[in-house]
Amino acid sequence: MIAGNRSINYLRISVTDRCNFRCKYCIPSTPFKVIEHHKIARYEEILRITRLACELGITKVRITGGEPFVRKGILPFLEQLCGLDGLTDVSVTTNGALLNRDKIRRLLDMGIRRLNFSLDTLDPEKFARITGRDRFHQVWDAILTAHDMGIAPIKINAVALRGINDDEIQAIAGLTKEYPFHVRFIEYMPMGDSDVEKQQQMLTREIQDRIIAAHGPLSPVEREKNDGPAKKFSLENARGILGFITPVSSHFCSECNRLRLTSRGTLRPCLLKNYETDILKPLRDGANDDALKQIMIDALTQKPLSHDLDSRTPKDVPISHMTSIGG
Ligand code: SAM
Ligand code: SF4
């Protein structure tokens, strides 16, 4: 599939808007509505949409949420997904709290070799403050178990926030000296009603300055085919890689090769634009494969050439939480 001059080969699928965590930057502390169960795309519906997307050139899928592992039946679903023709790369983004040796073994057996974990702090108390859950040790154990069992690369996503975890940027970056992990700092994106203030947002330049002050220079790492938007560097004598994902300070829209399928069964060509196309309703109404493929092709005509995160008006602010869109 083509959008402008970009070839779209990556589908990011949110399988649920539910999560066992309440990360400050992702979910508001005030009451919010979850999607009614019957409105969430069923596994067989997701599989059909993904199969058709593969026929249109999707080769890479990342499963996200909410928290994918809270959804019942996720492992058999992933097994079926991994068996789809044309998919060469399936990976999962998780908070890690529900992963254990048995589940990781099953992931490896079905061919999933790569996992992204979210981890914003190495301090158990701060972890509980950020995520609303006292689960640091479970998450850290899951990361180390995945590493021991051969998941590679392990990517660790951290959102750096002033006054919350900015004092740990150096320590989190320092993980790459000890482990072959890819540690990626993601700029906080205001997604609507999160409890994080704009002043707490930290941009990549400041994060890098703090890392350089603590660890010395950052050497650029060459990009590989299928690399995402992270700009990659390494510290001297490091085993791992540092990545910086800069949706705010430096758009990567011109290189964006992804389409999102939300947990409500809508196609979202851009995370930061509210445009969505419902594909689930036509599917449930009996649309045939060709009609569903055309919906995907048409949705991509709405993929913008750039977003305007810095200058947008309230109507541009995503109305859905990251959990339903799929971060
Ligand atoms: N629950 C899983 C997890 O935490 O990895 C998957 C879903 S979560 C929405 C996916 C990613 O989105 C996480 O790495 C999280 O840090 C990131 N994220 C959530 N809200 C964000 C925000 N407002 N700005 C930047 N990144 C955000
Ligand atoms: Fe849940 Fe992930 Fe959002 Fe945290 S970042 S609340 S773990 S979906």
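Position 126 (the sequence shown) corresponds to 642 in the numbering used here; numbering is contiguous.
For every residue, glycine included, the Cβ atom is placed at its ideal position computed from N, Cα and C.
This structure is a prediction, so every number in the text was calculated from the model and none was measured.
Under the three-state DSSP convention, the category residue i falls into
i: K831; result: Unreliable placement is indicated for K831, whose pLDDT of 48 sits below 50; the coordinate value is still reported in the next sentence. Of the three classes helix, strand and coil, the one that applies to K831 here is helix, per DSSP.
i: T839; result: helix
i: R621; result: helix
i: G520; result: coil
i: I795; result: coil
i: A674; result: strand
i: L816; result: helix
i: P669; result: coil
i: L777; result: strand
i: R534; result: coil
i: F548; result: coil
i: S766; result: coil
Beta-carbon proximity check, residue i vs residue j, cutoff 8 Å
i: Q717; j: G679; result: no
i: I844; j: T778; result: In the structure as shown, the chain starts at 517 and stops at 843, and residue 844 therefore has no counterpart that could be examined.
i: I574; j: N525; result: yes
i: V737; j: K540; result: no
i: R567; j: L600; result: yes
i: K555; j: R780; result: yes
i: G648; j: R538; result: yes
i: L788; j: L775; result: no
i: P584; j: T610; result: yes
i: A689; j: I727; result: yes
Residue(s) in a DSSP beta bridge with residue i
i: R578; result: R528 and S607
i: I590; result: None, per the DSSP bridge assignment.
i: G627; result: Bridge partners of G627: none, in fact.
i: I761; result: I702
i: F749; result: P736 and L758
i: Q717; result: L677
Nearest-angstrom Cα separation, counted from residue j out to residue i
i: L677; j: M705; result: 11 Å
i: A668; j: I685; result: 23 Å
i: T839; j: D533; result: 5 Å
i: S848; j: R800; result: Outside the shown range of the chain, which is 517 to 843, sits residue 848, and nothing can be said about it.
i: R564; j: K588; result: 19 Å
i: G759; j: L808; result: 36 Å
i: I672; j: P696; result: 11 Å
i: N521; j: D618; result: 43 Å
i: V764; j: M665; result: 35 Å
i: C570; j: G602; result: 6 Å
i: E459; j: K748; result: Nothing in the structure corresponds to residue 459, since the chain is present only between 517 and 843.
i: P745; j: T762; result: 8 Å
i: I795; j: E560; result: 14 Å
i: A658; j: D682; result: 24 Å
i: R755; j: T692; result: 6 Å
i: A674; j: V655; result: 13 Å
i: G802; j: I813; result: 18 Å
i: P733; j: A557; result: 46 Å
i: I551; j: L527; result: 21 Å
i: L572; j: E641; result: 46 Å
i: I562; j: A729; result: 46 Å
i: R622; j: S607; result: 13 Å
Extent of the continuous alpha helix (DSSP H) to which residue i belongs
i: H698; result: Unbroken run through H698 is the beta strand (DSSP E), H698 to I702; no alpha helix (DSSP H).
i: L783; result: Per DSSP, L783 belongs to no alpha helix (DSSP H); it is in the beta strand (DSSP E), T782 to R784.
i: F652; result: F652 to D664
i: C570; result: Y559 to E571
i: A687; result: I685 to E694
i: E641; result: P640 to T647
First through last residue of the beta strand (DSSP E) which encompasses residue i
i: F633; result: R630 to S634
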